[in-house]
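*Asks:* Mind having a look at this structure? Questions to follow.
Residue numbers (our numbering): 1149 to 1235.
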């Protein structure tokens, strides 16, 4: 995940998700993650994809992010799932 300032030619590109890396797993973390992911996808990939939903759930030591989107060029629906935390 790219952080703002990481790319020399695009200094504002990124999501800022790494700021949340050591935050305690909580409903507040899930809400912040949802806002960061959805905002970054719409800002940086909005011409390429249509974000239908970003759902973030937290269970004990795990954080799960599901992104449902449509590729604009092909109209193909996609689902991307990311899980971070203890097994």
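Glycine included, every Cβ here is placed at the ideal spot set by N, Cα and C.
Is the segment 1159 to 1169 touching the segment 1181 to 1198, taking contact as three or more C-beta pairs under 8 Å?
*Replies:* yes
*Asks:* What ranges does the beta strand (DSSP E) occupy inside the segment 1202 to 1234, keeping only unbroken runs of at least 3 residues that lie completely in it?
*Replies:* Those beta strand (DSSP E) runs which fall completely within the segment 1202 to 1234 and span 3+ residues are 1210 to 1219 and 1224 to 1233.
*Asks:* By DSSP, does residue 1156 sit in helix, in strand, or in coil?
*Replies:* In this structure, DSSP gives residue 1156 a state outside helix and strand, which the three-state scheme calls coil.
*Asks:* Rank 1210, 1230 and 1155 by C-alpha distance to the C-alpha of residue 1175 and give the top, closest one.
*Replies:* For the residues 1210, 1230 and 1155, the minimum Cα distance to residue 1175 belongs to 1210.
*Asks:* Nearest to residue 1230 by CA position, among 1200, 1190, 1193 and 1185, is which residue?
*Replies:* With distances taken between CA atoms, residue 1230 lies nearest to 1185 out of 1200, 1190, 1193 and 1185.
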